[in-house]
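Student: Numbering-wise (this note's numbering), the sequence shown opens with residue 231 and increments by one. Ideal placement from N, C-alpha and C gives every residue a C-beta, glycine not left out. Since this is a predicted model, take the numbers as computed values, not measurements.
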Amino acid sequence: MRLKNALGRGLPLLLLGTSLACSACSNGGTSNPGPGPGPNNGNTEKNVLKGKATDTAGRPLAGVEVVADNQVLYNSDVVGVTGADGTYRLELGQAATTWNASARLQRDFNGRRYTFELHPSNSNTFAGNEGAVRDFNWRLAGAKPGGGVYGSGLFLNLTDYVDPADPDQALQREHVELTLTPAGPLVDGSTGTPTTARGTNTPDGFGLLDLPIGRYTVTGRYAPPGQAVRPLVVRVQGEDAYAEAVTADFKPAVEGGDGPYRIDVELKFP
Numbered sequence: 231m232r233l234k235n236a237l238g239r240g241l242p243l244l245l246l247g248t249s250l251a252c253s254a255c256s257n258g259g260t261s262n263p264g265p266g267p268g269p270n271n272g273n274t275e276k277n278v279l280k281g282k283a284t285d286t287a288g289r290p291l292a293g294v295e296v297v298a299d300n301q302v303l304y305n306s307d308v309v310g311v312t313g314a315d316g317t318y319r320l321e322l323g324q325a326a327t328t329w330n331a332s333a334r335l336q337r338d339f340n341g342r343r344y345t346f347e348l349h350p351s352n353s354n355t356f357a358g359n360e361g362a363v364r365d366f367n368w369r370l371a372g373a374k375p376g377g378g379v380y381g382s383g384l385f386l387n388l389t390d391y392v393d394p395a396d397p398d399q400a401l402q403r404e405h406v407e408l409t410l411t412p413a414g415p416l417v418d419g420s421t422g423t424p425t426t427a428r429g430t431n432t433p434d435g436f437g438l439l440d441l442p443i444g445r446y447t448v449t450g451r452y453a454p455p456g457q458a459v460r461p462l463v464v465r466v467q468g469e470d471a472y473a474e475a476v477t478a479d480f481k482p483a484v485e486g487g488d489g490p491y492r493i494d495v496e497l498k499f500p
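1. Only counting the same chain, and skipping five residues up and downstream in sequence, which positions put a Cβ closer than 6 Å to that of P461?
2. Three-state secondary structure (DSSP) at P490?
3. Nearest to V296 by alpha carbon, out of S332, V278, A362, D396?
4. Apply the 10 Å Cβ neighbour rule to G316 and answer buried if 16 or more other Cβ atoms are within range, or exposed otherwise.
5. Is it the case that the segment 362 to 369 contacts the segment 273 to 285, given that we only count it when at least three CB pairs across the two stretches are under 8 Å?
6. For the beta strand (DSSP E) containing D479, name the first residue and the last one.
7. So, for N472: in the same chain, excluding its five sequence neighbours on each side, which residues have a beta-carbon less than 7 Å away from its beta-carbon?
8. To the nearest whole angstrom, what separates the beta carbons of A453 and L438, a pair I think is in contact under 8 Å?
9. Enumerate in chain order the residues of its own chain whose CB-to-CB distance from N330 is below 7 Å, with the five nearest sequence positions on each side excluded.
10. Going by DSSP, what residue range makes up the beta strand (DSSP E) through W329?
11. Does G377 pass the burial test, meaning 16 or more other C-beta atoms within 10 Å, or should it be called exposed?
12. Rounded to whole angstroms, what is the Cα-Cα separation between T477 and D390?
13. Secondary structure at E360, three-state DSSP: helix, strand or coil?
14. In this structure, does DSSP put E485 in helix, strand or coil?
15. Just to confirm my understanding: we take F195, look at its own chain, exclude 5 residues before and 5 after, and list those with CB closer than 7 Å. What are they?
16. Under three-state DSSP, which class holds C252?
17. Going by Cα to Cα distance, which pick from G414, A400, V484 is closest to D434?
18. To the nearest angstrom, how far is the alpha carbon of G429 from that of W368?
19. Mind pulling the beta strand (DSSP E) runs of 3 or more residues that sit fully within the segment 393 to 450?
20. Have a look at the DSSP bridge pairing and note the partners of F346.
21. Our contact map puts H349 next to Y380 with C-beta atoms below 8 Å; I'd like the distance itself, whole angstroms only.
22. Less than 9 Å separating the beta-carbons of L320 and G313?
23. Any beta-carbon of chain C closer than 9 Å to the one on Y452?
24. My output table needs one value for P290: the three-state DSSP class, helix, strand or coil.
25. Thinking C-alpha only, which one of A287, D393, L441 is nearest T423?
26. Please state the DSSP three-state secondary structure of Y380.
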């Protein structure tokens, strides 16, 4: 397994049961698979990173991978996982350096494995000799501290760009209104709510952003301002048959990758 840290470099990790071994910790840091001895409270300790991970409902979250990313020494990160009570404690060693903390969680859902970046209580770097407390929370949507969002995107294309009822009239994606209805619980087990919205242009395509991971039933209609609303048929991109509704799961943008995730659909008039 390779972990991407905040500097964008790959760090090889060895999975041993439920713990993760630090690779070449030249600063003297070690991997810690869970909370250490003593209370894991809000007081900082020198050369220690500690904290707690919680799920979307605020409950302790076990099995979260926490990374203390050494900002100076290459290949000297310290990695661990949270215990059953959601806490962790990482010994950083004595090196005079700064660190950045991050955490991620993997979940299996509808036959796929998804990786989630958790939201930190504080995204600032910290000095190792001061130590830090960094709590992490699983969020299915919302803004990330460094930019971007925790949710995923649904992107759409019109396969016909001329109105069949008026060949002189060009169709516009901005007039497509999509409705996404959760088909079962979301990835965290919570109950989602239907979303009806129009797409916008984004660097990743035209569509809806910041959607919680789940399985959705998608329908669409064409609704230009001041004109009659007309139904559209929809299909998952690359599939053969169109239908009034399609149910789809999010997939990684790059096959075999661990995110970002997206759903791509195509729409046309019946």
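Tutor: In short:
1. Counting from one through the sequence shown, the residue named residue 461 turns up at place 231. Counting only residues of its own chain and dropping the five nearest sequence neighbours on each side, P461 has a CB closer than 6 Å to the CB of R451.
2. Here residue 490 is taken as the residue at index 260 of the sequence shown, counted from 1. Here P490 sits in coil by DSSP.
3. Numbered from its first residue, the sequence shown carries residue 296 at position 66. Selected option, being the one with the closest Cα: S332.
4. Along the sequence shown, read from residue 1 onward, the residue named residue 316 stands at position 86. Burial is judged here by how many other beta carbons sit within 10 angstroms of a residue's own beta carbon; G316 has at least 16 and is buried.
5. They touch, by the three-pair rule.
6. Locating residue 479 in the sequence shown gives position 249, counting from the first residue. Unbroken beta strand (DSSP E) run through D479: 476 to 479.
7. To locate residue 472, count along the sequence shown from 1; it is residue 242. Position check: residue 472 holds Tyr in this sequence, whereas Asn was assumed. Contacts found: V463, V464, R465, K498.
8. Numbered from 1 along the sequence shown, position 223 holds the residue referred to as residue 453. Numbered from 1 along the sequence shown, position 208 holds the residue referred to as residue 438. Incorrect: roughly 15 Å between the Cβ atoms, too far for contact.
9. Reading the sequence shown from its first residue, position 100 is the one you call residue 330. Excluding the 5 residues flanking it on each side, N330 has same chain C-beta neighbours closer than 7 Å at A236, D299, Q301, T355, in chain order.
10. One-based indexing of the sequence shown puts residue 329 at position 99. Where W329 is concerned, the enclosing beta strand (DSSP E) stretches over 328 to 339.
11. As a working note, residue 377 is residue 147 in the sequence shown. Per the 10 Å Cβ criterion, exposed.
12. In the sequence shown, the residue the question calls residue 477 occupies position 247. In the sequence shown, the residue the question calls residue 390 occupies position 160. Rounded to whole angstroms, the separation of the alpha carbons of D390 and T477 is 22 Å.
13. The residue you call residue 360 lines up with position 130 of the sequence shown. E360 falls in the coil class under three-state DSSP.
14. Counted from its first residue, the sequence shown places residue 485 at position 255. In the three-state reduction of the DSSP assignment, E485 falls in the coil class, being assigned neither a helical nor a strand state.
15. Any question about residue 195 goes unanswered here, given that the chain covers just 231 to 500.
16. By 1-based counting over the sequence shown, the position of residue 252 is 22. Bear in mind that the predicted position of C252 carries a pLDDT of just 36, short of 50, making it unreliable; the figure below should be weighed with that in mind. Coil at C252, not helix or strand.
17. The residue labelled residue 434 in the question sits at position 204 within the sequence shown. Closest in alpha carbon position to D434, among G414, A400, V484, is V484.
18. Within the sequence shown, numbered from 1, the residue matching residue 429 stands at position 199. Within the sequence shown, numbered from 1, the residue matching residue 368 stands at position 138. Cα to Cα, the separation comes out at about 26 Å.
19. If we require 3 residues or more, the beta strand (DSSP E) runs fully inside the segment 393 to 450 come out as 396 to 400, 406 to 412, 425 to 428, 430 to 432, 435 to 441.
20. Taking the first residue of the sequence shown as 1, we reach residue 346 at position 116. The secondary-structure analysis by DSSP pairs F346 across a beta bridge with L335.
21. Taking the first residue of the sequence shown as position 1, residue 349 is located at position 119. Taking the first residue of the sequence shown as position 1, residue 380 is located at position 150. Contact flag correct, Cβ pair sits at about 7 Å.
22. Within the sequence shown, numbered from 1, the residue matching residue 320 stands at position 90. Within the sequence shown, numbered from 1, the residue matching residue 313 stands at position 83. Their beta carbons are not under 9 Å apart, which means L320 does not touch G313 by this criterion.
23. Of the chains in the structure shown, none is chain C; there is only one protein chain.
24. Position 60 of the sequence shown, counted from the start, is the residue given in the question as residue 290. In the three-state reduction of the DSSP assignment, P290 falls in the strand class.
25. Taking the sequence shown and counting its residues from 1, the one referred to as residue 423 is at position 193. Ranking A287, D393, L441 by Cα distance to T423 puts L441 first.
26. Residue numbering aside, residue 380 sits at position 150 when the sequence shown is read from its first letter. Y380 carries a coil assignment under DSSP once its states are collapsed to helix, strand and coil.
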